[in-house]
Amino acid sequence: MFILVVLKDTIKIQPWNFGKKRTGVILDALNNKLSNKVINDVGMCLTVWDLLKIDDSCILPGDGATHTNVSFRAVVLRPFVDEILVGKIKSCSKESVQVSVGCFDDIFIPPENLQENSKFDSREQVWIWQYEDGGQAHDLFMDVGEQIRFRVISEKFVDLSPSGPQYNEKERVENDSRVPYEIIVSLIA
Numbered sequence: 017m018f019i020l021v022v023l024k025d026t027i028k029i030q031p032w033n034f035g036k037k038r039t040g041v042i043l044d045a046l047n048n049k050l051s052n053k054v055i056n057d058v059g060m061c062l063t064v065w066d067l068l069k070i071d072d073s074c075i076l077p078g079d080g081a082t083h084t085n086v087s088f089r090a091v092v093l094r095p096f097v098d099e100i101l102v103g104k105i106k107s108c109s110k111e112s113v114q115v116s117v118g119c120f121d122d123i124f125i126p127p128e129n130l131q132e133n134s135k136f137d138s139r140e141q142v143w144i145w146q147y148e149d150g151g152q153a154h155d156l157f158m159d160v161g162e163q164i165r166f167r168v169i170s171e172k173f174v175d176l177s178p179s180g181p182q183y184n185e186k187e188r189v190e191n192d193s194r195v196p197y198e199i200i201v202s203l204i205a
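Following this note's numbering from start to finish, the sequence shown increments by one per residue and tops out at 205.
Written out as structure tokens, the structure reads:
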């Protein structure tokens, strides 16, 4: 679920930070920039693990700050396909069950990945698994806050970089509702 990845970035250090320890300033700047951010095709960055290499700093004309190229390792949330995880149900809708693992909420179980004989109760806004045991049917509710186990089926990254002006309101609303990283899972009984 968690992996270490090697990344590179250029960090800007403001003049009022020159008296502080350089590695501490760089770590703070990297954590402020990357913590809880999705990096496309990498995963959701949680924190910087350590610094691998700090290059010499340079000062650009007209700017009193230094710019430093750094290589570092970061802890990233990116579960692999077929990994089994534990999470809590965050919400239920006719389209899916949304699951949270605490630090990440964009995990979805579509109806086709639920158990057989599952149905959605629109009045109570929950999915119900109609479990049969020895000829008797039992209704098992998937309530918000319940802990469940699930298997990762796929993941989807969406590049949300600005692309230019939107020409109509519908296109803008569709772009605003997208998430940068989504994990599709199936429920394990």
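Just so you know, even glycine gets a beta-carbon here, dropped at the ideal spot from N, CA and C.
The model shown is predicted, which means the values in this text are computed figures rather than measured ones.
- In the three-state reduction of the DSSP assignment, E132 falls in the coil class.
- With a 10 Å radius around the Cβ and a threshold of 16 neighbouring Cβ atoms, I125 comes out buried.
- Inter-residue distance for N52 and Q152 is about 46 Å (C-alpha atoms, whole angstroms).
- Following the DSSP letters along the chain, one finds R89 inside the beta strand (DSSP E) bounded by residues T82 to L93.
- Secondary structure note for I169: its beta strand (DSSP E) is the uninterrupted segment Q163 to F173.
- The beta-carbon distance between V86 and K24, rounded to whole angstroms, is 7 Å. This is short enough to meet the 8 Å contact definition.
- For V64, the enclosing beta strand (DSSP E) stretches over residues G59 to I75.
- Between A90 and V64, the C-beta spacing is below 8 Å.
- Two segments are said to touch when three or more pairs of C-beta atoms, one from each, lie closer than 8 Å; by this definition the stretch 47-62 does not touch the stretch 98-118.
- Contact between the stretch 30-46 and the stretch 97-110 is absent: fewer than 3 CB-CB pairs across the two stretches fall below 8 Å.
- According to the DSSP assignment, L46 belongs to the alpha helix (DSSP H) that extends over R38 to L50.
- Minimum Cα-Cα distance from D121 among the listed residues K28, I27, Y197 and I169 corresponds to Y197.
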